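Please read the structure below before turning to the comments.
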Amino acid sequence: MQKARYLSVRAFLRAREVPMAIILLCCCVMSMICETYLLTFKNWVDAPAYIFLAPTLRTAMHGCTIRYTPSPGSVRFRPDAAFKAVRAPATLLVHDNLFHIDLTDCLPMLDAQRTFLKKTLIDPIATNTTLMVLLLGALCIFVAKAYSVSLFSVDLTETIVKLGWSLLGAGVFAVIMKSGQFTELFQKHIADVMYDPANATNAAILPEKWRLFSLARIKQLLPESYAKAAVDGIEKRFFDDELDYHFEKLDIAYKITVDDQDRAKIVNTMTTNLQIRRNLANPMFRQTVRADASVTLTNVFINGVKVNLADTSLFKMTCNPDEHQLVLKLKDYAPGAESITLERTFETVQNLKTEPFITAVMTRFSKGATIRANITDEHTVRFVPMGFNAPGKPVLDGNEFHTWVIAKPGDLLLPGHGYIIIIVPVQIDTGS
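Under numbering that gives the first Met the number 0, think of the first position of the sequence shown as 0, with each following residue one higher.
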């Protein structure tokens with residue numbers, strides 16, 4: 000008989016081949032569901048006794064012999080009952096009141112069972128964090144409920160139960176997060192908050208969300224004391240709710256005629272496609288003209304149809320006597336349209352001795368913008384841009400218009416850009 004080795008709880012826990020957490024978990028699982036690895040000594044006088052075999056610990060099993068010495072008069076041992084659970088050949092010898100269970104012949108079957116248990120239980124748990132968290136949570140709840148009176152105090156039991164429920168909840172949440180259904184839900188609804196907020200977020204709260212994101216971003220670029228003012232300025236200039244429309248293919252032409260008294264008659268014609276903001280019930284076209292002399296609205300065409308200018312409310316003076324404003328209710332001329340072709344013409348008169356220039360500032364986005372100017376022979380014009388988009392050299396077209404492209408077709412001109420057209424006598428311009 001080979002040298003006997005004793006199995007004890009202490010020796011079992013000292014084994015180094017399997018992590019402690021997996022050993023404890025395996026013990027609990029094996030004690031409940033794996034009777035194959037349980038030797039039951041029935042019909043004892045004192046109480047049933049269980050010897051746990053550890054097939055995962057090769058050093059404890061290969062060629063080993065389990066010896067058990069009962070107390071005198073305390074054992075009535077039946078080999079058929081003892082080895083019914085083993086389902087493997089084993090040798091039982093009784094000598095000097097000492098039970099020798101030789102498991103050498105059982106090792107091949109025990110190895111197969113050990114491999115099966117490792118593949119079906121230990122490896123899936125060790126490689127699946129979610130499953131491990133679920134099992135640990137369930138184990139904490141089970142231990143706390145089953146042994147709350149005998150092992151733990153009331154406070155400790157409550158803590159273990161809460162820990163178990165937390166682990167169980169974390170495991171369930173992890174399973175949901177990995178599920179295909181949740182992935183589809185995330186892509187359709189949650190990810191839209193970042194990548195398609197217009198469809199995922201109430202339009203009323205979009206401005207506030209934009210301010211939060213912009214403030215966080217600007218704080219990384221500017222001193223914190225500047226951040227709020229910068230966000231307010233950007234929002235006012237680029238995202239003002241008054242921006243009912245924007246320009247596309249904007250063309251502004253100035254026909255300038257200078258008389259002998261240095262008074263300039265300027266015919267300002269703007270042609271553009273108005274892109275109406277979506278979901279707007281009553282879009283309004285507003286444009287302000289400033290001049291120190293007379294201002295006259297001569298023509299307005301919407302989608303090629305001339306607007307009746309008899310209604311004086313369309314073009315009137317503002318609270319500033321030097322300003323006139325054109326106001327058009329676009330739904331009256333093209334209800335429900337998302338794009339409108341607009342042409343309007345102003346005539347202004349100004350004194351070149353006091354105001355030898357024309358200024359303009361864009362308050363809308365414009366996709367493509369061209370400025371043109373034609374002037375009488377005794378004078379010429381100089382173009383000064385305001386903003387980032389510096390035009391190239393002017394081109395003289397077939398109608399004798401100087402042309403500046405400040406935004407190429409397809410390029411976007413941001414609100415806040417502008418320009419100055421300076422009217423200069425030819426002799427002064429040549430001399431300079």
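Note that beta-carbon positions come from the ideal geometry of N, C-alpha and C, so glycine has one too.
In this text, all values refer to a predicted model and were calculated from it rather than measured experimentally.
Secondary structure of residue i, DSSP reduced to three states
{"i": "P424", "result": "strand"}
{"i": "L296", "result": "strand"}
{"i": "L327", "result": "strand"}
{"i": "G397", "result": "coil"}
{"i": "A59", "result": "For A59, the pLDDT reaches just 34, beneath the cut-off of 50, and the residue's location in the model is therefore unreliable, although a value from the coordinates is still provided. Helix."}
{"i": "M449", "result": "Missing from the structure shown is residue 449; the chain here goes from 0 to 431 and no further."}
{"i": "F40", "result": "Confidence at F40 is low in this model, with a pLDDT of 34, below 50, so the placement of that residue should be treated as unreliable; the coordinate-derived value is given next. Three-state result, F40: strand."}
{"i": "T156", "result": "helix"}
{"i": "G303", "result": "coil"}
{"i": "R113", "result": "helix"}
{"i": "G417", "result": "strand"}
{"i": "A406", "result": "strand"}
{"i": "A432", "result": "In the structure displayed, the chain extends from 0 to 431; residue 432 sits before or after that span and is not available."}
{"i": "L411", "result": "strand"}
{"i": "A359", "result": "strand"}
Residue span of the alpha helix (DSSP H) that contains residue i, given as start and end
{"i": "E207", "result": "L205 to I217"}
First and last residue of the uninterrupted beta strand (DSSP E) at residue i
{"i": "P282", "result": "Unbroken run through P282: none, as it is neither H nor E."}
{"i": "L341", "result": "S338 to N350"}
{"i": "H378", "result": "H378 to M385"}
{"i": "S365", "result": "S365 to I374"}
{"i": "T353", "result": "Unbroken run through T353: none, as it is neither H nor E."}
{"i": "K437", "result": "An answer regarding residue 437 cannot be provided, because it is not within the stretch 0 to 431 covered by the chain."}
Pair within 8 Å by beta-carbon distance, residue i and residue j
{"i": "I217", "j": "A226", "result": "yes"}
{"i": "V132", "j": "L162", "result": "no"}
{"i": "T353", "j": "V425", "result": "no"}
{"i": "L313", "j": "L325", "result": "yes"}
{"i": "F473", "j": "L412", "result": "The shown model of the chain, from 0 to 431, leaves out residue 473, and the question about it has no answer."}
{"i": "M361", "j": "H323", "result": "no"}
{"i": "V294", "j": "F345", "result": "yes"}
{"i": "I462", "j": "I422", "result": "Beyond the ends of the chain as shown, which are 0 and 431, falls residue 462; an answer cannot be given."}
{"i": "R289", "j": "D321", "result": "yes"}
{"i": "V266", "j": "E377", "result": "no"}
{"i": "R210", "j": "P414", "result": "no"}
{"i": "R262", "j": "V348", "result": "yes"}
{"i": "I405", "j": "A368", "result": "yes"}
{"i": "L221", "j": "A229", "result": "yes"}
{"i": "L444", "j": "D243", "result": "It is not possible to answer for residue 444, since the shown part of the chain is limited to 0 through 431."}
{"i": "I301", "j": "F356", "result": "no"}
{"i": "A366", "j": "E247", "result": "Position check: residue 366 holds Lys in this sequence, whereas Ala was assumed. Cβ distance < 8 Å, so K366 and E247 count as in contact."}
Near the ligand FAD: residue i beta-carbon under 7 Å from a heavy atom
{"i": "S338", "result": "Inclusion of the ligand FAD in the displayed structure is not the case, the ligand content being empty and no account of it being possible."}
Taking 8 Å as the threshold, find out whether the stretch 327–338 comes into contact with the stretch 248–256 through three or more Cβ pairs. Verdict: no, contact absent.
Could you tell me which whole beta strand (DSSP E) segments of length 3 or greater appear in the stretch 221–261? DSSP runs (the beta strand (DSSP E)) wholly in the stretch 221–261: 244–257.
If contact is defined by three or more beta carbon pairs under 8 Å, each pair taking one atom from either stretch, is the stretch 332–342 in contact with the stretch 273–281? Verdict: yes, contact present.
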